[in-house]
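Per the working numbering: the sequence shown = residues 49 to 301.
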Amino acid sequence: MSIFNLYAKYYNIFYKDKNYLEEAKYIDNIIKQYCPSAKKLLELGCGTGNHAFHLNNMNYEVTGIDLSENMIQIANDANKNIALPHPKFLVQDIRNFDLNMEFDSIISLFHVMSYQTSNEDLNNVFKMANKHLKKGGVFCFDCWYGPGVITDKPEIREKTYDNNEIIIKRKAIPTMLINENRVNVKYEIEITDKQSNEKAKIEEEHNMRYLFKPEIELIAKNNGLKLMGCFEWMQKTEPNENTWYAFLVIKKE
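Now the structure itself:
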């Protein structure tokens, strides 16, 4: 099983306190600023669909794609409890897909773009965005922001999560690959069943690329797109050396 399919099993427990609604409102506000008539929306790396469901409630026609079959299955299971119209979820590789349709807006959240660690992969996602965007449409995404990551280097972190059935302890051990603009994050995860007290251990590695504004601007330009805005995540202010997460707005003119 791939790390992302394994990760899917506990994904919603890890992020149960994440404020998806406020993040969806932020996305909606940005889209309305740069593409006021946007209706059809594509989410790249939609995970279990938490952002998509909120954006669907904001009257967007949402399609979400993700490489993880397990995450898409969770999203589609949740879809069964939602009245029509509801989002559409598909298993696709964001680096190479063809939905045979165009969208007013494409979004990619939760640092999905930072998982594109090679220039080829990153360029291919921009290529797919151009292919699936209508003229005047916007491509919006968040990412790890280079200046902030270099200023405040990642450290070992430990956190505990739980629900009615299990307790999860997760330790994140980062290794900075400064000449590659990457951080390799090793996760050591211990899962305890509350009833039986049985334990299971999982190890995962997530490679994350931190990005810089000039390289994003260049890749956008090379794919027929234009960088319109670069902000601190969940803000409208410019990022700085203390900004770990940035939000970019790219337009197809």
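Ideal Cβ placement from N, Cα and C applies to all residues, glycine included.
For clarity, every value in this text was computed on a predicted model and none was experimentally measured.
#### Entry: Spatially closest choice to residue 85 from 228, 216, 152 and 287, by CA coordinates
For the purposes of this step, residue 85 is taken as the residue at position 37 of the sequence shown. Of the candidates 228, 216, 152 and 287, the one whose C-alpha sits nearest the C-alpha of residue 85 is 152.
### Query
Contact between the stretch 276 to 296 and the stretch 184 to 191: three or more CB pairs below 8 Å?
yes
### Message
Considering only their Cβ atoms, is the gap separating residue 205 from residue 230 smaller than 8 Å?
### Response
Translated into positions along the sequence shown, residue 230 becomes position 182. Translated into positions along the sequence shown, residue 205 becomes position 157. Taking 8 Å as the Cβ cut-off, residue 230 and residue 205 do not qualify as a contacting pair.
#### Entry: Simplified DSSP state of residue 144, which is helix, strand or coil
Here residue 144 refers to the residue found at position 96 of the sequence shown. Three-state DSSP puts residue 144 in a strand.
### Query
In the DSSP assignment, what residue or residues form a beta bridge with residue 222?
Along the sequence shown, one-based indexing puts residue 222 at 174. For residue 222, which the question treats as bridged, DSSP gives the partners 233.
### Query
If you compare alpha carbons, which of 246, 71, 200 and 219 is closest to residue 155?
Residue 155 sits at position 107 when you count from the first residue of the sequence shown. Measuring from the Cα of residue 155, the nearest candidate turns out to be 71.
#### Entry: Cut-off 6 Å between Cβ atoms - residues of its own chain near residue 53, not counting five sequence neighbours on either side
Position 5 of the sequence shown, counted from the first residue, corresponds to residue 53. Caution is warranted here: a pLDDT of 47 is assigned to residue 53, below 50, making its placement in the model unreliable, and no coordinate value can be reported.
### Query
Going by the CB atoms, is the gap between residue 113 and residue 138 shorter than 8 Å?
Your numbering for residue 138 matches position 90 in the sequence shown. Your numbering for residue 113 matches position 65 in the sequence shown. Yes, the pair counts as a contact, with Cβ atoms nearer than the cut-off.
### Task
Compute the Euclidean distance between the alpha carbons of residue 180 and residue 144, then round it to the nearest angstrom.
Indexing the sequence shown from 1 puts residue 180 at position 132. Indexing the sequence shown from 1 puts residue 144 at position 96. One C-alpha to the other measures close to 11 Å.
### Query
Where does the unbroken alpha helix (DSSP H) through residue 194 begin, and where does it stop?
Locating residue 194 in the sequence shown gives position 146, counting from the first residue. Per DSSP, residue 194 belongs to the alpha helix (DSSP H) from 194 to 199.
### Message
Could you compute how far the alpha carbon of residue 130 sits from the alpha carbon of residue 105?
### Response
Position 82 of the sequence shown, counting from 1, holds the residue named residue 130. Position 57 of the sequence shown, counting from 1, holds the residue named residue 105. Near 10 Å, if we compare the C-alpha coordinates of residue 105 and residue 130.
### Message
Looking only at its chain, what residues have a beta carbon closer than 6 Å to the beta carbon of residue 111, apart from the 5 residues adjacent to it on each side?
### Response
In the sequence shown, counting from the first residue as 1, residue 111 sits at position 63. Excluding sequence neighbours, residue 111 sits near 90 and 136.
### Task
Could you spell out the range, first to last residue, of the beta strand (DSSP E) harbouring residue 297?
If you number the sequence shown from 1, residue 297 lands on position 249. Residues 293 to 299.
### Message
DSSP three-state label for residue 161, please.
### Response
Residue numbering aside, residue 161 sits at position 113 when the sequence shown is read from its first letter. Of the three classes helix, strand and coil, the one that applies to residue 161 here is helix, per DSSP.
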